[in-house]
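Chains as they are written, first to last, in the numbering used here: chain A, -18 to 873; chain B, -18 to 873. The C-beta atom is built at its ideal place from N, Cα and C for all residues, glycine as well. Comments concern the structure below.
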């Protein structure tokens, strides 16, 4: 712990954020830049921790240091704290390393009491001002220090205004305010049993302690957990001489950004209010003026402010968020900090600052986060407009597929198709979706489900197709028969408007205006710079030509994962797939396979053609076959009902229906598995039931050869899923090679065979040295690898315990979102190292969902992977993250 | 490849089994020991491989070498092969490194044709003998070389006997046999379109080729796969001068063992038949005499034989299986090999041979296999008696819990209890069992199920209780209502006798006599020697006092795994467990937990008392809670039926029943998981739902303290299952410690807390260095570790693909039976090494089913584990395997 416990502003600087908090460090920095900052001091964050560690007792002697610092401030200002004649008043503010909601609010005008009010009156000559200052002080102090909710005071104040028949605070005079304060003090006495503290030093000590306490209040703790901010940072306390924006028409207060935080445009942006104290600007009591109006009102002061703003941006080399006060025509700076911004603004600022020579390209790349970039790629809800309008979500679910969508409610897939054909925009609302709903999903603007999480059918399909989706709205009830959906007290019917935001999970019962994606020139230039520095290649996961084209538009350098079975789920194919699975003889199975081959060939042609000259990795069939069949539970219910009915209606035609359903039930039952994730799927299925992968291989090479004849450059790569032992790959590889060579021989075309494997089972990673002997490439399936390494079923874990694990810090992150570098990452490290020891230069990539997660991409970079593959809409984010990783590890 | 392709017997020795096969090498060894072995030669196994490699063509020039060798034999014997005057006849036999069913049978009397028959007549002076030899030769040669099934010839022969009205072959004279041979030759002509080959050299070449071919016949290939015998060993061919046991009453043939292969008693054991050729002894044409009768018949010859037998046993230092022929009073040895023996015999022989100074203790330990030892520990079916009686199994299933049991069929658990109370022995036959059947299983001698594998409920519970069980008899149909079970054409009813053999999976519809377990003095002495050399300690998995006592009796040095939830499944507890799970308020849950605590305390007292002074590792609750609830499918059916019925009978009392069932269905549905193996269980459950493990901890330490007061030394160890991250263990460990300390403080007793974890998730093994910081010991749960490392659900894999994987050699073994040392073993190696790097001397054990598998135990030894833990009945096998491992790796 440092010896010094209280720093005057002139004793600190911007680098001391850990000790002085963000606000304190910046106030110190501005002071030392010679800017007009009211004098003050900062109590260090260490004092907060000492307070907490001592079980909520003020560190002994701290107040002595505070008195010494106050003496220095008094000397600067020329007034004394608590002086009845010419009192120094102060503001007290919390200030942690990171700004954080839930922390103690500001207390202004601290130091006022019966005596100092007289002095303040003498100083300002404004009786109303004095009583207004006192009113504000008592309310704020009582709220945050004494714990009497602000609303109680506002209630008194509003009542008084109503009785006096006025609307605005400013319409009340000094005497009115005195009366209000009398009522305030009576409330305090009643609630606390004691009078309001009159001693300024007592007030100050209580305020400081309240700041320390607020560090551990519930909201702050929850926020820190969510944002992964350590709990032992502590907060600093800033005590600063008051300046007054409410001393008359030549006083005022305002906030401003050095650039437009919404668009990024390089203009001074903000607002101010004359004759007002800080909180009035945001409280909406009066409408503030845009900052440019200050130019007309007071050009000299505006110029001074603009110069300071520009100086601060140049000094910090980033857009600043400023607070200022004008006291009787004199400008004071109260805060500067790096300003928050939208995604589009972040991109534009980063690029323009490079143009302006403020930062270099590397810094521009570092400046933009993946989340910010992602905002550019989807339509989005205008959150500012929503906030302004006070619009609340109708219901909230899981943000399952990003982007926002507006449409009318439809409750069936067929309904969605019909409405779509009629030119209507619809949101498909389902309990949960299944393969039979896919055509409806494709016809809808967005999908909303009441059940299922991020890996539910709805979520996976929607992400695949780039359709916004909110899943698992547990509070939503759907009555398909009556055409009604409801949540809480609100009931909506089919045809009503809905807006879903798949980036936040919020659902609004209104047709909101959406902001379209902004893939601007700034975006393109930033991406170009990213491509210059990154080493990782970026591919996309795409299962159909549409996605492939989208991926290409976003800069994908190939397809890293084409899930062939997704093609099976489309409504025109599912019946053929079912025929194939349920065939009771080889001829029937072959006939179904033949049909599937021609549709798959068509899909492959579309994808390969779209990716002309770029590699396309096709994963052979992966899921267990029962995923293509009707649900066992539904069949069981149907059969149970039919049996009962058949008992009653002996001899009716029902008997045949029952017999058919029973056969189907029996077939589905035979394929049921206790743990399908760990059952008959992937390469295991291909070994036990030959035929499907041969069909898929033929379809792929047939497509490639046909395109080849037309001059398209095709680079197919075949990927075998779920390999755990090299022998599995050896056996299946031979069959794939034979099927491919048959086609290539027929066409007399020589496309080099690239046959690789997914590494998605711990044993595959542990024996990668053996497996590499049979694999032309490795692709890490980190979804499954995470499931098996942790022994988690993602479907079960996310709902049942994973959230709690992250909340309780048992796990640092959800390992399905960010790669667990310690466990899963260790396996990946083995696999890359030992795979390449067997086969020098073995191409290694990743095609799990982690391929689009920036922190995971950073790990992939350090691991020396060749590429990451992610969903088309994540490709730009991946390009950015890959560049950031290259920069971060440039020296290693 | 060696240059020499054909070895005379005198040119080989016993160490050349790879090249000459077992039979050839032993014939050579006997020849060189100076024993009376008819001259002959062996064609090497390499010739067989050369034949196979050439696509089934005889190696060029091989027959020249054969002719040269034959010349040497002719010189020894003084007769010439194919000589019409005084012909040399030979036998041709296959002989691989390991004896193997399905390989070519013997051909005797090869070299006979119209000319040599004359010569043989001249030699022997016996016309009948000559025709009989010819009959046998033609039948054998036609069967194995020409591929005309033996049965066709036997049919002719039997018909002839019937027409002649005789019963025994010996009742037919020379003329009869000549006629039979005429018919035989006609059959050959008809089947092959060619006459029977007359040229002796042609016969020989064809016979040699037939031996080579038989190496790759289906039966041999299947056998080698099953027995893990490499396919490229090849077989040798032995060609040996004939001696004749059927030259009259002073000739004969026999087989003998140097000790009794059934009991191990040190007596010459075997049988012989005068005036017979080899096959007659086993064919059961006439009843052979016990070998001791030879002493009365021909003491000199018996003495000679006994001397030779003794010499061979001393030479090979193991019990020998001998074949001999007496030709006109002269003894010839035709074979010696190490004899097969039963488990009890293996143990007795090993111990007695040490006493006799023939072998040392280490060799005695090596001599006995785990399977042999296991035979001593369970009642077993007398397989020799079965074979003699020709009794066939009624149906065959999976050998799920070893040992045999006899009882009457009962079809319900309650029925089993009632019958048991009435003093009847019963076999409980169920479609499959569930927790509601446990009381019935405990009342039965054995359990038979139609569905489920080695990890089914029936199998796991039966093994736990040491009850024989045959599971998954797919061919068995059970009609509980009618009280009938059937398989194929056979139908049995409740009350009929059944014998099940849980060691082989066979089920007989008869009350067979069982051989009781033979835990003799020999067993005890062998175990004692094992204990002297082994380094691994052996514990048992036991969930109740009965098992603990059984384990102790078999020499367990502690309990390595006490599965606390198994106590929950017992019928008197299950309702309390369900109350606990379904409780909708904390008070109800606490009340149920309180009840469970007292029953668990009772269980723990019993176990801890039984293991006085030995450690007892208690695993806290592991399975997902839905395992304790009724099946979702059954509830769904019931609710569906009730709903329909309720629609019809509006307003009846059915409504309440339906509502109750619906609530239960809803509760069960809420707990359903897609992949329960990877869901909310183990430590995850304890973190999300506190209370159960605190209850279990209190029950355990309460039990320990009470016993402690009575002077029992208790060493409880608490084990946390399914840990994947050190934080899980940290959080739960603290709770367990607190609960334990509460009890210890109350009793003012200081029992050192030992809290460890299972390593059964890849991530636990990969981060064992971190986890060891919080663990007092590691116990490898290799069942789950294998499931997650391979990504296999055992329940699904064994039925759906694992068997094929082993058959097709994709996997060398079923990894659930024998540890996969490459993948799973690598993780274990990390865990032991890194765990001990964090915590020196960290105690490491294994409690998966592999703990009772000898090959896995060998791996555990090399890994440096401290102990293995297995089911009580496997404890002796584990002690043996641990000793064998210590011996095998003594030099490392």
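Relative to the alpha-carbon of residue i, which residue among the options has its alpha-carbon at the smallest distance?
i	options	result
residue 241 of chain B	B:326, B:448 and B:184	B:326
residue 686 of chain B	B:731, B:710, B:654 and B:665	B:731
residue 722 of chain A	A:712, A:711 and A:734	A:734
residue 496 of chain B	B:244, B:689, B:615 and B:565	B:244
Whose Cβ in chain B lies nearer than 8 Å to the Cβ of residue i?
i	result
residue 635 of chain A	The premise fails here: residue 635 of chain A is roughly 14 Å from chain B at the closest Cβ pair, so nothing lies under 8 Å.
residue 703 of chain A	772
Name, please, each residue of chain B whose Cβ falls closer than 7 Å to the Cβ of residue i.
i	result
residue 706 of chain A	791 and 792
residue 742 of chain A	771 and 772
residue 712 of chain A	791
residue 621 of chain A	618, 621 and 622
Kindly list, in the order they appear in chain B, the residues whose Cβ is closer than 9 Å to that of residue i.
i	result
residue 657 of chain A	655, 656, 774 and 777
residue 581 of chain A	The contacting residues do not exist; residue 581 of chain A stays about 24 Å from chain B at best.
residue 782 of chain A	660, 661, 665, 666, 668 and 669
Terminal residues of the continuous alpha helix (DSSP H) containing residue i?
i	result
residue 289 of chain A	280 to 297
residue 51 of chain B	43 to 58
residue 28 of chain A	26 to 34
Can you give the beta carbon distance from residue i to residue j, rounded, assuming they're within the 8 Å contact cut?
i	j	result
residue 588 of chain B	residue 525 of chain B	7 Å
residue 410 of chain B	residue 400 of chain B	Their Cβ separation, rounded to whole angstroms, is 12 Å, which puts residue 410 of chain B and residue 400 of chain B out of contact at 8 Å.
residue 118 of chain B	residue 158 of chain B	Going by Cβ atoms, the distance from residue 118 of chain B to residue 158 of chain B rounds to 12 Å, so no, they are not a contact pair.
Here's a check: name, in chain order, each residue in its chain whose Cβ is nearer than 8 Å to the Cβ of residue i, leaving out the five neighbours to either side.
i	result
residue 746 of chain B	740, 766, 808, 809, 811 and 812
residue 137 of chain B	161, 164, 165 and 168
Short of 6 Å in beta carbon distance, which residues of its chain neighbour residue i, apart from the five on each side in sequence? Order them along the chain.
i	result
residue 458 of chain A	467
residue -3 of chain B	6
residue 298 of chain A	339 and 340
So with CB distances below 8 Å, who are the chain A contacts of residue i?
i	result
residue 768 of chain B	659
Please return the same chain residues whose Cβ sits closer than 7 Å to the Cβ of residue i, not counting the five positions on each side in sequence.
i	result
residue 347 of chain A	865 and 868
residue 191 of chain A	85, 125 and 126
residue 131 of chain A	120 and 124
residue -11 of chain A	22, 50 and 53
For the beta strand (DSSP E) containing residue i, name the first residue and the last one.
i	result
residue 77 of chain A	71 to 77
residue 431 of chain B	Note, residue 431 of chain B: premise wrong, no beta strand (DSSP E); not H, not E.
residue 520 of chain B	518 to 522
residue 849 of chain B	848 to 851
residue 482 of chain A	478 to 482
List the residues of chain A that residue i touches, going by C-beta distances under 7 Å, in chain order.
i	result
residue 807 of chain B	747
residue 709 of chain B	791
Can you name the residues of chain A whose CB is closer than 9 Å to the CB of residue i?
i	result
residue 803 of chain B	706, 744, 747, 748 and 751
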